[in-house]
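Enquirer: Take a look at this one; I'll ask things after.
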């Protein structure tokens, strides 16, 4: 069974700082990896999808990388803003999607 | 642009009561999913339907049943609710299972069993 781990569980940074969120998984036989954002009391919003053949994807201030061989992905957020405060989850896609427990990010004004 | 719609948003049940969570998607997706989210546990798959007419168990199916009513709708039923089923339930859909898919989520249903 695929195990997905996200470290750290919580992160607090001052506004403007660049930061990296980590996601690791145990089975490298994946189709894709997806990063989500979850605001309190809300559903999950997809941020970036990386296919297994890709190394990275970028959207605005977000950059996600994937290293299948080492079972790792990172989400890089540039110039963080208070509006980035949320929980970030990664999901590994095979025939099913397996989720990490998330990193709760707080950006302090 | 509704996406994935699930009802109800909030529900309080007494132990032993039954209820059905409804989910509908308007994106013509083949695959639909029910997850539960608990603190410290992440999202866990309860049941999924890879395509209309098929359903399969996920990681935590005990105490639940599902129905893929048609391509749009996928319901989750609790036949005899237990306090351990207190959770946030998310319905999701994707074009298909497997490669290249983005999964889309509903807003969640908060269920409390007392």
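Protein chains in written order, with the working numbering: chain A, 3 to 111; chain B, 3 to 116.
Glycine is no exception: its CB is placed at the ideal position from the N, C-alpha and C atoms.
If contact is defined by three or more beta carbon pairs under 8 Å, each pair taking one atom from either stretch, is the segment 84-92 of chain B in contact with the segment 37-51 of chain B?
Expert: Contact between the segment 37-51 of chain B and the segment 84-92 of chain B is present, because at least three Cβ pairs lie under 8 Å.
Enquirer: Determine, for residue 103/A, whether the minimum Cβ-Cβ distance to residues of chain B falls below 8 Å.
Expert: Yes, residue 103/A lies at the interface with chain B (some Cβ there is under 8 Å from its Cβ).
Enquirer: What is the DSSP secondary structure of residue 8/B, reduced to helix, strand or coil?
Expert: Strand.
Enquirer: Quick check: the segment 43-57 of chain A against the segment 10-23 of chain A, are at least 3 beta-carbon pairs closer than 8 Å?
Expert: Result no; under three Cβ-Cβ pairs closer than 8 Å.
Enquirer: Considering only C-alpha positions, which residue in the set 58/A, 25/A, 104/A, 81/A is nearest to residue 74/A?
Expert: The shortest Cα separation from residue 74/A among 58/A, 25/A, 104/A, 81/A belongs to 25/A.
Enquirer: In chain order, which beta strand (DSSP E) runs of at least 3 residues are fully inside the segment 36-105 of chain B?
Expert: Runs found: 44-51, 66-70, 76-80, 89-96.
Enquirer: On a Cα-Cα basis, can you pick out the residue from 6/B, 83/B, 27/B that is closest to residue 73/B?
Expert: Looking at the Cα atoms, 27/B is the closest of the given residues.
Enquirer: Taking residue 8/A and residue 94/A to be in contact with their CB atoms under 8 Å, please state how far apart those CB atoms are, rounded to whole angstroms.
Expert: Between residue 94/A and residue 8/A the Cβ distance is about 11 Å, and since that is not below 8 Å, they are no contact.
Enquirer: Does residue 86/A come out as helix, strand or coil in the three-state DSSP assignment?
Expert: Helix at residue 86/A.
Enquirer: What is the DSSP secondary structure of residue 96/A, counted as helix, strand or coil?
Expert: Residue state, collapsed to three classes: coil.
Enquirer: Can you list, in chain order, the residues of its chain with a C-beta nearer than 7 Å to that of residue 84/B? Leave out the 5 residues immediately preceding and following it.
Expert: Excluding sequence neighbours, residue 84/B sits near 17, 65, 115.
Enquirer: Along the chain, where does the beta strand (DSSP E) containing residue 22/A start, and where does it finish?
Expert: Unbroken beta strand (DSSP E) run through residue 22/A: 21-27.
Enquirer: Look up residue 78/A in the DSSP assignment and give the residues it is bridged to.
Expert: Residue 78/A pairs with 22/A, 65/A.
Enquirer: With 9 Å as the C-beta to C-beta threshold (strictly closer), list the residues of the segment 89-102 of chain A near chain B in chain order.
Expert: The residues in question are 91, 93, 95, 96, 97, 98, 99, 100, 101, 102.
Enquirer: Report yes or no: do the segment 44-55 of chain B and the segment 90-106 of chain A share at least 3 C-beta pairs separated by less than 8 Å?
Expert: Yes, the segment 44-55 of chain B is in contact with the segment 90-106 of chain A.
Enquirer: Classify residue 29/B: buried if its beta carbon has 16 or more other beta carbons within 10 angstroms, exposed otherwise.
Expert: Per the 10 Å Cβ criterion, exposed.
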